[in-house]
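*Asks:* Take a look at this one; I'll ask things after.
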Amino acid sequence: MRRRALMASLAALAAAPGRVARAQEAPIPIGLVAVLSGPNAAYGTAIRAGVELALGQVNAGAARLRLIVEDSGGSKDGAINAARKLIGRDRVAAIIGPTLSNEMFAMGPVTNARGIPTIGTSTTAGGITDIGPFIFRTALPEADVIPVTMKKAASRGVKRVALMYANDDAFSKSGFEVMRTAAAGTGFTILTVESFGSRDTDFSAQLTKIKGLAPDAVGISALVEPVAGVLLQARQLGFGRETLFIGGNGSNSPKLGQIAGTAADGLIVGSPWFIGKQDPLNLAFVAAFRARFGRNPDQFAAQAYDTLGILAAAIARAGNADPARIRNALLKTDRVGVMGPFRFTERRDPASTEGVVVLEMQGGAFRIAG
Amino acid sequence: MLAQQLVNGLLLGATYALFALGFTLTFGVLRVINLTYGFYFTAGAFIAWYLTRGGTGLALALPAAAIGSGIIAVILDALLLTRLRRARADELASLMVTLGAVLALYAAMTALLGPDIRRLPQSVLGSGALVLGPVRVTQAQLLILGAVTVLAGGLVWLVRFSRLGLGIRAVAENPDAAGLMGIDAARIAVLVSFLSGALAGAGGVLIGLAFNAIQPYMGEQMMLRGFVVVILGGLGDIFGAMLAGLLLGVVEVLTAAYLASGFKEAVAFALLVLVLWTRPAGLFGRPPPRRA
Numbered sequence: 001m002r003r004r005a006l007m008a009s010l011a012a013l014a015a016a017p018g019r020v021a022r023a024q025e026a027p028i029p030i031g032l033v034a035v036l037s038g039p040n041a042a043y044g045t046a047i048r049a050g051v052e053l054a055l056g057q058v059n060a061g062a063a064r065l066r067l068i069v070e071d072s073g074g075s076k077d078g079a080i081n082a083a084r085k086l087i088g089r090d091r092v093a094a095i096i097g098p099t100l101s102n103e104m105f106a107m108g109p110v111t112n113a114r115g116i117p118t119i120g121t122s123t124t125a126g127g128i129t130d131i132g133p134f135i136f137r138t139a140l141p142e143a144d145v146i147p148v149t150m151k152k153a154a155s156r157g158v159k160r161v162a163l164m165y166a167n168d169d170a171f172s173k174s175g176f177e178v179m180r181t182a183a184a185g186t187g188f189t190i191l192t193v194e195s196f197g198s199r200d201t202d203f204s205a206q207l208t209k210i211k212g213l214a215p216d217a218v219g220i221s222a223l224v225e226p227v228a229g230v231l232l233q234a235r236q237l238g239f240g241r242e243t244l245f246i247g248g249n250g251s252n253s254p255k256l257g258q259i260a261g262t263a264a265d266g267l268i269v270g271s272p273w274f275i276g277k278q279d280p281l282n283l284a285f286v287a288a289f290r291a292r293f294g295r296n297p298d299q300f301a302a303q304a305y306d307t308l309g310i311l312a313a314a315i316a317r318a319g320n321a322d323p324a325r326i327r328n329a330l331l332k333t334d335r336v337g338v339m340g341p342f343r344f345t346e347r348r349d350p351a352s353t354e355g356v357v358v359l360e361m362q363g364g365a366f367r368i369a370g
Numbered sequence: 371m372l373a374q375q376l377v378n379g380l381l382l383g384a385t386y387a388l389f390a391l392g393f394t395l396t397f398g399v400l401r402v403i404n405l406t407y408g409f410y411f412t413a414g415a416f417i418a419w420y421l422t423r424g425g426t427g428l429a430l431a432l433p434a435a436a437i438g439s440g441i442i443a444v445i446l447d448a449l450l451l452t453r454l455r456r457a458r459a460d461e462l463a464s465l466m467v468t469l470g471a472v473l474a475l476y477a478a479m480t481a482l483l484g485p486d487i488r489r490l491p492q493s494v495l496g497s498g499a500l501v502l503g504p505v506r507v508t509q510a511q512l513l514i515l516g517a518v519t520v521l522a523g524g525l526v527w528l529v530r531f532s533r534l535g536l537g538i539r540a541v542a543e544n545p546d547a548a549g550l551m552g553i554d555a556a557r558i559a560v561l562v563s564f565l566s567g568a569l570a571g572a573g574g575v576l577i578g579l580a581f582n583a584i585q586p587y588m589g590e591q592m593m594l595r596g597f598v599v600v601i602l603g604g605l606g607d608i609f610g611a612m613l614a615g616l617l618l619g620v621v622e623v624l625t626a627a628y629l630a631s632g633f634k635e636a637v638a639f640a641l642l643v644l645v646l647w648t649r650p651a652g653l654f655g656r657p658p659p660r661r662a
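Chains as they are written, first to last, in the numbering used here: chain L, 1 to 370; chain U, 371 to 662.
As structure tokens, then:
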């Protein structure tokens, strides 16, 4: 249905006199800014794959959208330059990206000033959409995901928690603030807060102290490598299954199982998407992704896939390539994607946490938590 | 809980001491601050990782990693420092050359192998732990404790009581005079490089075992602590490095346990400043120069 509406409106839009053949209609240019080189390239590569897969489906039959991809290299300058190129040279109607929250804080003000709708698919930091009225995001911020995880912990009888976080990393620290608020909001007693460095390998002092307090659960906000280190050492110090480990967004990576193995078993983490979700949309997405790229999609590919669908539908509703009309159409989004039902809030953030799944490590891999 | 925290501190300190042994040896004898030392540590861990993945047992992989990184140390020392020694360059020159070299080596290794953390296969070491009342010690930790004792003891014996050690001490005291007495200073330099590389390599394997975090920059992360330990112990002082390593470990753990975990490093490095203030020659206060 939606696809047909899109075709119809785009066809109407381009149906200028004298042009008969559809193939000659000029597709609307849209830009993608992603980290495609450097240490964070894995995220950008996944995002590009998700966008390209969705684009292929939108453009099936006739080219409606033309995608121009720019590499930001993971830097603020790179993201700003990419956006300027896309707006000045390619006259894009909207931009998907950039990949990192840091990049968005630099690039967002530029695209917002030019009135180009900009949609972050992976920018989870606080304050992203405060940049301006043209900045959107489809990534659920941690503040939305972690309370769902805490609720799951509460349903397992957790009452007293200890929190740990990496104190030298902005992402881990803001995740910790969210975790502390969510834990208090869920009614947990916070017994202690322990910090460590992202590159530490020894956590024995903090863990021994926590073990002495015998909490029901330990919440950890850090990137995946130190989380794996904490779990491995916790098992060495004799933490068993009676203690529930709760991870933040950093723990939501298959790498956790690869590094920590079965030491990570039992850890729960909230995720906006999970490959094993059994609804037909998701099954079709996973199958199409595997067929095209020969590997499994991750959360970033799924978010990007949905985002292009959301943008294509908004462009179709807008009726032409006017960025201001596309912005207004985006605000009226009401769509079900692979991440679940999706709408934007007034503030251009995702409105619903219905799609959040709580995952549990088992045998070194994630499955949906029981 | 205090008992477990003390054990935690001693074990952490043992890893620092293990790392610092070879570092203090090269300084004491060769009079160079060799920052490529951290790379030997990484190299040892990676050699053991490759071997154990191929099915080799730890009993073979550990000595192989030690010998392998010893050979790497000899080659790097010859490439980087022979010219400097010949020109009698000062310590700052060796510091700068090895700093550049070690950063290049880490970056090249990361480019080739990726920044991912690797673990030794779990089968190489039992996951069992020794439980004594409230205290738990894992097999990997016991192995480190044993290895530090054996390696430090062996090193002290070699330097203080063997004929070779006499040569090493002679070169440390005065390379020219040693040469006049018929001691081949170049050969001693090669030997000391090999020994320190091998000690670093063995340390890399053992610490990789205990913390399950093998990655190209693991040597760099230990280097800062290694420096503190070597300076606290008195540059070139093997016993001093052992004691300083243990002390640093215990101080870090007790700070995290009873003060606040965020202050762990602040206290450890404040300790360094305090010691250098009051005892510039290191904690154990013997005169600093030319010792092994």
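We put the CB at the ideal spot given by N, CA and C, even for glycine. Just so we're clear, the structure is a prediction, and the values are computed from it rather than from any experiment.
For the alpha helix (DSSP H) containing L:Phe-171, list its first residue and its last residue.
*Replies:* First-last of the alpha helix (DSSP H) with L:Phe-171: 170–185.
*Asks:* Is there a C-beta anywhere in chain L that falls below 8 Å from the one on U:Pro-658?
*Replies:* Since pLDDT at U:Pro-658 reaches only 48, below the 50 mark, its modelled position is unreliable, and no value is offered.
*Asks:* With a cut-off of 8 Å, does the C-beta of L:Gly-229 fall near any C-beta of chain U?
*Replies:* yes
*Asks:* Determine, for L:Arg-22, whether the minimum Cβ-Cβ distance to residues of chain U falls below 8 Å.
*Replies:* With a pLDDT of 45 at L:Arg-22, under the threshold of 50, the modelled position of that residue is not reliable, and the figure given next carries that caveat. By this cut-off, L:Arg-22 is not an interface position.
*Asks:* Any Cβ of chain L within less than 8 Å of the Cβ of U:Arg-530?
*Replies:* no
*Asks:* Taking DSSP as the reference, what is the three-state secondary structure of U:Leu-375?
*Replies:* Sequence check: residue 375 of chain U is Gln here, not Leu. Looking at U:Gln-375 - three-state DSSP - the assignment turns out to be helix.
*Asks:* Which bits of chain U does L:Asn-167 rub up against, with CB to CB less than 9 Å?
*Replies:* Ser-631, Gly-632
*Asks:* Per DSSP, which residues does U:Tyr-410 bridge with? Please list them.
*Replies:* DSSP output for U:Tyr-410 lists no bridge partner at all.
*Asks:* In the DSSP assignment, what residue or residues form a beta bridge with L:Tyr-165?
*Replies:* L:Ser-195, L:Ser-221
*Asks:* So, with DSSP's three-state summary, where would you put L:Ser-72?
*Replies:* Of the three classes helix, strand and coil, the one that applies to L:Ser-72 here is coil, per DSSP.
*Asks:* Taking the CB atoms as reference points, tell me whether L:Thr-243 and L:Pro-226 lie closer together than 8 Å.
*Replies:* no
*Asks:* Only counting the same chain, and skipping five residues up and downstream in sequence, which positions put a Cβ closer than 6 Å to that of U:Ile-487?
*Replies:* For U:Ile-487, the CB contacts under 6 Å within the same chain, skipping 5 residues up- and downstream, are Ala-583, Gln-585 in chain order.
*Asks:* Going by Cα to Cα distance, which pick from L:Ile-275, L:Pro-280, L:Gln-278, L:Gly-247 is closest to L:Ala-264?
*Replies:* If you compare the alpha carbons of L:Ile-275, L:Pro-280, L:Gln-278, L:Gly-247 with that of L:Ala-264, the shortest gap goes to L:Gly-247.
*Asks:* I'd like to know whether the C-beta of L:Asp-265 is nearer than 8 Å to at least one C-beta of chain U.
*Replies:* Any Cβ of chain U closer than 8 Å to the Cβ of L:Asp-265 would place that residue at the interface, and such an atom is absent.
*Asks:* Helix, strand or coil: which one does DSSP assign to U:Phe-531?
*Replies:* Here U:Phe-531 carries a helix assignment [DSSP, helix/strand/coil].
*Asks:* 8 Å is my cut-off, CB to CB: does U:Arg-423 come that close to chain L?
*Replies:* Cβ-Cβ to chain L under 8 Å: no for U:Arg-423.
*Asks:* Tell me whether L:Asp-298 sits in a helix, a strand or coil according to DSSP, three-state version.
*Replies:* The three-state secondary structure of L:Asp-298, taken from DSSP, is coil.
*Asks:* Identify the continuous alpha helix (DSSP H) that holds U:Asp-546 and give its terminal residues.
*Replies:* From DSSP, the alpha helix (DSSP H) with U:Asp-546 extends over 545–550.
*Asks:* Looking at the secondary structure, which residues open and close the alpha helix (DSSP H) in which L:Pro-323 lies?
*Replies:* 323–331
*Asks:* Going by C-alpha distance, which of L:Ser-221, L:Ala-170, L:Glu-103, L:Glu-142 is nearest L:Met-164?
*Replies:* Per the Cα distances, L:Ser-221.
*Asks:* Is the number of C-beta pairs between the segment 317–336 of chain L and the segment 62–81 of chain L that are closer than 8 Å three or more?
*Replies:* no
*Asks:* For U:Gly-589, which residues from the same chain have a beta carbon less than 6 Å from its beta carbon, with the 5 sequence-adjacent residues on both sides left out?
*Replies:* For U:Gly-589, where only same-chain residues beyond five positions count, the Cβ hits under 6 Å are Gly-408, Phe-409, Phe-411, Thr-412.
*Asks:* Going by beta carbon distance, what residues of the same chain come within less than 7 Å of L:Lys-255, once the five residues before and after it are set aside?
*Replies:* Val-224
*Asks:* Does the distance from the CB of L:Thr-307 to the CB of L:Ile-135 come in under 8 Å?
*Replies:* Annotated as distal: L:Thr-307 and L:Ile-135, with beta-carbon spacing of 8 Å or more.
*Asks:* So, is the C-beta of L:Leu-237 closer than 8 Å to a C-beta in chain U?
*Replies:* Yes, L:Leu-237 counts as interfacial toward chain U.
*Asks:* Here's a check: name, in chain order, each residue in its chain whose Cβ is nearer than 8 Å to the Cβ of L:Arg-89, leaving out the five neighbours to either side.
*Replies:* none
*Asks:* With L:Thr-129 and L:Arg-347 assumed to form a contact (beta carbons below 8 Å), what rounded beta-carbon distance in angstroms separates them?
*Replies:* Taking a contact as a CB-CB distance under 8 Å, the pair L:Thr-129 and L:Arg-347 counts as one, their CB atoms being some 5 Å apart.
*Asks:* Could you tell me whether any Cβ in chain L is nearer than 8 Å to the Cβ of U:Arg-595?
*Replies:* The C-beta of U:Arg-595 comes no closer than 8 Å to any C-beta of chain L.
*Asks:* So with Cβ pairs under 8 Å, would you call U:Val-623 a contact of chain L?
*Replies:* yes
*Asks:* May I ask which residues mark the beginning and end of the alpha helix (DSSP H) holding L:Met-339?
*Replies:* L:Met-339 -> no alpha helix (DSSP H), and no H or E assigned at all.
*Asks:* Would you call L:Gly-218 buried or exposed, if buried means 16 or more other Cβ atoms sit within 10 Å of its Cβ?
*Replies:* Residue identity differs from the one stated: residue 218 of chain L is Val in this sequence, not Gly. With 16 or more other Cβ atoms within 10 Å, it is buried.
*Asks:* Beta-carbon of L:Ser-122 versus every beta-carbon of chain U: anything under 8 Å?
*Replies:* no
*Asks:* Among U:Ala-638, U:Asp-554, U:Leu-605, U:Ala-636, which has the Cα closest to the Cα of U:Phe-397?
*Replies:* U:Leu-605
*Asks:* Quick check on L:Gln-362 - is its C-beta less than 8 Å from some C-beta in chain U?
*Replies:* no
*Asks:* Per DSSP, L:Ser-271 is paired with what?
*Replies:* L:Val-357
*Asks:* Rounded to a whole number of angstroms, what is the C-alpha to C-alpha distance between L:Lys-151 and L:Ala-60?
*Replies:* 42 Å
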